[in-house]
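Single-structure report; data block below.
Number of protein chains: 2
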Amino acid sequence: MNTLGPLNEDNVLERFYAVIPAGGAGSRLWPLSRAAAPKFLHDLTGSGSTLIRATWARLEPLCDGRTMVVTGRAHRRAVCGQLPELREADLVLGPEPKDSAAAVGLAAAVLYHRDPGIIMGSFAADQVIHPVEAFQAAVREAVHTAAQGYIVTIGITPTHPSAGFGYIRAAGALQVPGAPSACAVAQFVEKPDEETAAGYLAEGGYHWNAGMFVAPVQLLLKHLEAPEPALHAGLMEIGAAWGTPARRSVLRRVWPGLPRTAIDYAVAEPAAAAGDVAMIPGNFGWDDVGDFAAIGRLHSAAEAGNLTVLGEGARVYSDNASGIVVSDTKRVIALIGIDDVVVVDTPDALLVTTKAHAQRVKSAVEHLKASGDTDVL
Amino acid sequence: MNTLGPLNEDNVLERFYAVIPAGGAGSRLWPLSRAAAPKFLHDLTGSGSTLIRATWARLEPLCDGRTMVVTGRAHRRAVCGQLPELREADLVLGPEPKDSAAAVGLAAAVLYHRDPGIIMGSFAADQVIHPVEAFQAAVREAVHTAAQGYIVTIGITPTHPSAGFGYIRAAGALQVPGAPSACAVAQFVEKPDEETAAGYLAEGGYHWNAGMFVAPVQLLLKHLEAPEPALHAGLMEIGAAWGTPARRSVLRRVWPGLPRTAIDYAVAEPAAAAGDVAMIPGNFGWDDVGDFAAIGRLHSAAEAGNLTVLGEGARVYSDNASGIVVSDTKRVIALIGIDDVVVVDTPDALLVTTKAHAQRVKSAVEHLKASGDTDVL
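Sequences listed follow chains H and U, in order. Residue 76 in UniProt numbering sits at position 76 of the first sequence, and the numbers go up by one each step. Residue 342 in UniProt numbering sits at position 342 of the second sequence, and the numbers go up by one each step.
The structure is reproduced here in structure tokens:
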């Protein structure tokens with residue numbers, strides 16, 4: 001194994017490899033998002049692209065096809081349909097769902113065995129970002145900073161005091177060639193209450209933790225090994241077998257026993273405490289499309305009126321109605337005298353709620369699961 | 001032809017014949033009520049019976065099968081399915097929709113040619129009445145009063161100052177054997193505004209015009225002949241042919257040219273002015289199920305909670321929701337944090353509104369008609 005040192009500034013971007021974890025049922029977007037067709041497989045903004053396709057396209061200019069996707073076996077066909085350019089060797093299929101440390105760590109281990117000098121960046125498949133140029137500039141700075149031996153998070157400049165995200169408290173500027181906005185990270189902060197969040201905004205220096213990070217695979221694995229030695233060992237065993245005929249059998253044998261944990265807890269926070277984490281401020285619009293209210297904000301059709309309608313060939317009649325309609329059928333939908341409503345119409349399930357209650361969709365899904373209505377989940 | 005005189009009090013009820021006009025698209029109940037399956041073919045109260053079946057059952061003890069149904073040709077099969085006891089001779093099918101004067105007048109003409117001594121009572125197929133015993137007592141009084149040479153309306157004792165109904169102003173009591181509550185009618189009043197309606201309630205003596213009336217067919221036809229001679233002549237021609245092989249051809253030839261008018265305008269108001277109209281106060285619960293808000297009031301399931309659910313095998317998940325759900329599919333319906341909502345879910349159309357806006361459903365239907373979405377009407 002090589003020890004990763006500072007790379008030549010000219011070719012550092014060529015060592016960059018994008019990793020797209022595509023998981024999560026997106027149950028706050030039920031019944032549009034399902035176990036069989038999760039959030040990342042939908043076009044939730046009316047852009048004409050699914051979220052995973054848009055994520056790929058956003059990264060493409062940075063990595064020229066060096067993109068790996070980590071997803072569940074159930075989504076193989078759908079993901080390949082969305083990303084025909086994706087190479088077989090770059091499609092990592094978990095035989096069963098695990099938490100993010102296993103998914104991202106496996107990508108790191110596979111890439112490490114390909115080339116220990118790789119700098120990987122992890123970007124969830126179901127986020128909405130614009131303009132892409134500002135995102136790409138931030139990632140370039142992050143790659144340059146990672147090349148200096150950092151795990152680099154891209155912290156989103158907050159637009160409002162959200163209680164729905166974790167925060168990153170920035171410290172002093174770092175002197176990194178090619179990354180003028182790089183700074184040290186003082187602390188990762190758990191999701192605050194709204195008052196605390198408002199204080200963060202007033203104080204300044206706090207950014208949303210969007211779960212985006214860029215790191216040398218070697219450094220990432222080192223920080224995973226200390227708190228999660230069993231996970232690290234398992235991932236390295238799978239990574240070593242990846243380019244060999246044993247790939248499948250090793251994956252099947254090792255994966256089910258891997259511990260479940262989130263990458264943030266396992267790696268990011270201890271690494272920050274050790275001074276190994278840097279941040280690039282992301283000055284771009286970012287949304288994790290956490291619920292149907294987000295769709296109302298993001299969808300391009302929203303500007304047309306008070307009612308946002310998603311769905312090809314939707315047949316919606318509206319009389320003094322506002323809110324969001326997602327039509328996944330050809331049925332006529334009539335809305336009369338109802339404000340901020342959320343209607344999601346699919347062939348086997350219908351949701352009617354309000355924007356204000358959009359977050360509670362998740363508990364409806366949990367209830368349906370508990371009551372055995374799994375045919376519509 | 002015989003001249004109708006006072007009948008023997010003992011057999012007067014045997015001259016009674018019930019007529020059930022079954023028409024109207026019920027567009028305020030779209031998309032449950034359709035042109036092909038109007039209001040009267042639905043069980044809107046959770047009683048287990050369709051409205052037309054309940055109407056038949058309510059009249060059965062009074063007329064022992066002497067019941068005629070006037071409906072559109074399109075509903076023949078559905079009506080016969082609901083009323084297997086209905087005789088072919090008592091099923092009057094309009095080749096195309098006409099207004100109420102033609103429908104009710106045709107029944108009168110057919111019955112007149114059967115027996116000029118018949119007393120008919122007309123009761124719409126889509127009203128909800130309870131208790132039926134109070135209704136039946138009122139009809140019996142109405143038949144006795146009609147036998148004295150009156151057109152007798154049953155006026156509903158108002159429970160609130162509704163602006164949605166016409167009113168009947170009662171005058172002095174009549175001395176009719178077998179009808180202790182019979183009174184004269186001073187005036188029919190058009191639908192008032194709410195303030196005027198409140199005044200009627202405070203003043204007393206006003207009743208809702210529910211469109212129910214009982215009259216000797218001969219007297220009814222006499223009062224139709226004066227204002228509508230062409231309609232009268234046409235109906236009498238069809239009535240004369242009814243029991244003959246020419247029934248069908250005469251109906252087809254004459255019906256399309258008949259004038260369209262409402263029985264209230266054509267007959268009831270002029271007859272009242274002539275002193276020929278009496279009223280029996282109807283002291284029973286009555287509802288014309290005018291919109292989905294009415295279903296919420298009437299449905300037996302409404303007592304179970306804040307959410308009324310109609311539909312066999314409905315799969316409804318509710319979290320802090322109130323209102324009405326009509327499920328005409330097997331889809332899962334999730335309602336979250338929404339009050340007084342009306343959701344009507346059918347295979348090809350979905351309505352989402354509120355109880356307060358239930359009356360505006362009609363204009364949605366008109367809009368869909370105008371925009372060519374007739375497949376769902």
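Here a beta-carbon is modelled for each residue, glycine too, at the ideal position from N, C-alpha and C. All values derive from a computational prediction rather than experimental measurement.
Original post:
isoleucine 338 of chain H versus chain U: which residues are under 8 Å apart at the beta carbon?
Top reply: Val341, Val352, Thr353, Thr354, His357
Subject >> Any C-beta of chain U under 9 Å from that of leucine 7 of chain H >> reply: The predicted model places leucine 7 of chain H with a pLDDT of 49, which falls under 50 and marks its position as unreliable; any figure quoted below should be read in that light. Not closer than 9 Å to any Cβ of chain U, the Cβ of leucine 7 of chain H fails to qualify, so no.
Subject >> Chain-ordered chain U contacts of arginine 34 of chain H [CB-CB under 7 Å] >> reply: Within chain U, no residue comes near arginine 34 of chain H; the closest Cβ sits about 12 Å away, beyond 7 Å.
**OP:** Just the chain H side, please: which residues come within less than 8 Å of alanine 349 of chain U by C-beta, in chain order?
**Re:** Arg331, Val332, Ile333, Ala334
Original post:
Mind checking whether methionine 279 of chain H and isoleucine 118 of chain H have CB atoms under 9 Å apart?
Top reply: no
Subject >> Three-state secondary structure assigned by DSSP to isoleucine 118 of chain H >> reply: coil
Subject >> Residue range of the beta strand (DSSP E) that includes threonine 353 of chain U >> reply: 349-354
Original post:
Going by C-alpha distance, which of H/Thr45, H/Ala74, H/Gly211, H/Glu88 is nearest arginine 66 of chain H?
Top reply: H/Glu88
**OP:** Starting from alanine 37 of chain H, find everything on chain U with Cβ-Cβ shorter than 8 Å and list it in chain order.
**Re:** Near alanine 37 of chain H there are no residues of chain U at all, since even the closest Cβ is about 16 Å away, more than 8 Å.
Original post:
Cα-Cα, which of H/Gln359, H/Asp99, H/Ala274, H/Gly81 is closest to leucine 335 of chain U?
Top reply: H/Gln359
Original post:
Are the segment 212-221 of chain H and the segment 179-191 of chain H in contact at 8 Å, needing three or more beta carbon pairs?
Top reply: no
Original post:
Straight-line CA distance for phenylalanine 40 of chain U to alanine 356 of chain U?
Top reply: 23 Å
**OP:** Could you say which of U/Val104, U/Thr196, U/Val316 lies nearest to glycine 23 of chain U if we only look at CA atoms?
**Re:** U/Val104
Subject >> chain U contact residues for leucine 221 of chain H, given Cβ-Cβ distances below 9 Å >> reply: Those do not exist, as leucine 221 of chain H stays about 43 Å from chain U at its closest Cβ, beyond 9 Å.
Subject >> Contacts that tyrosine 167 of chain U makes with chain H (C-beta to C-beta distance below 7 Å) >> reply: Within 7 Å Cβ-Cβ: nothing; tyrosine 167 of chain U doesn't reach chain H, min ~28 Å.
**OP:** Taking the CB atoms as reference points, tell me whether threonine 145 of chain U and valine 250 of chain U lie closer together than 9 Å.
**Re:** no
Original post:
Using the C-alpha atoms, what's the distance from glutamate 225 of chain H back to tryptophan 30 of chain H?
Top reply: 37 Å
Original post:
Beta-carbon of leucine 368 of chain H versus every beta-carbon of chain U: anything under 9 Å?
Top reply: yes
**OP:** Could you tell me the distance, in whole angstroms, from the CA atom of isoleucine 324 of chain U to the CA atom of valine 316 of chain U?
**Re:** 11 Å
Subject >> Chain-ordered neighbours of valine 361 of chain H on chain U, where CB pairs are closer than 7 Å >> reply: Ile336
Original post:
For serine 27 of chain U, which of helix, strand or coil comes out of DSSP?
Top reply: helix
**OP:** Using beta-carbon positions only, say whether arginine 331 of chain U and valine 343 of chain H come within less than 9 Å of one another.
**Re:** no
Original post:
In chain H, which residues lie less than 9 Å from tyrosine 317 of chain U when you measure between Cβ atoms?
Top reply: Ala364, His367, Leu368, Ser371, Asp373
Original post:
Are isoleucine 295 of chain H and alanine 314 of chain H touching if we call contact CB-CB under 9 Å?
Top reply: no
Original post:
Mapping DSSP to helix, strand and coil, what is tyrosine 265 of chain H?
Top reply: helix
Subject >> Within 9 Å, strictly: CB atoms of threonine 55 of chain U and aspartate 126 of chain U >> reply: yes
Subject >> From H/Glu366, H/Val139, H/Phe292, H/Arg260, residue whose alpha carbon lies closest to that of proline 229 of chain H >> reply: H/Arg260
**OP:** Flag residue 433 of chain H as yes if its beta-carbon sits less than 9 Å from any beta-carbon of chain U, otherwise no.
**Re:** As shown, chain H starts at 1 and ends at 377. That puts residue 433 of chain H outside it, with no answer to give.
Original post:
Mind checking if aspartate 291 of chain U is an interface residue toward chain H, Cβ cutoff 9 Å exclusive?
Top reply: no
Original post:
Does any C-beta atom of chain U lie closer than 9 Å to the C-beta of aspartate 288 of chain H?
Top reply: no
Original post:
Whose C-alpha, out of U/Glu141, U/Ile338, U/Val189, is nearest the C-alpha of alanine 163 of chain U?
Top reply: U/Val189
**OP:** Using a threshold of 9 Å, state whether the C-beta atoms of tryptophan 208 of chain H and glycine 243 of chain H are closer than that.
**Re:** no
**OP:** Would you mind stating whether glycine 239 of chain U and alanine 35 of chain U have Cβ atoms separated by less than 9 Å?
**Re:** no
Original post:
How would you call threonine 329 of chain U, buried or exposed, if buried means at least 16 neighbouring beta carbons within 10 angstroms?
Top reply: buried
Original post:
For the alpha helix (DSSP H) that contains glutamate 286 of chain H, what are its first and last residues?
Top reply: A small fix is needed here, since residue 286 of chain H is tryptophan in this sequence, not glutamate. Where tryptophan 286 of chain H is concerned, there is no enclosing alpha helix (DSSP H), although the beta strand (DSSP E) it sits in stretches over 285-287.
Original post:
What residue from H/Pro95, H/Gly211, H/Ile151 has the CA that sits closest to alanine 274 of chain H's CA?
Top reply: H/Ile151
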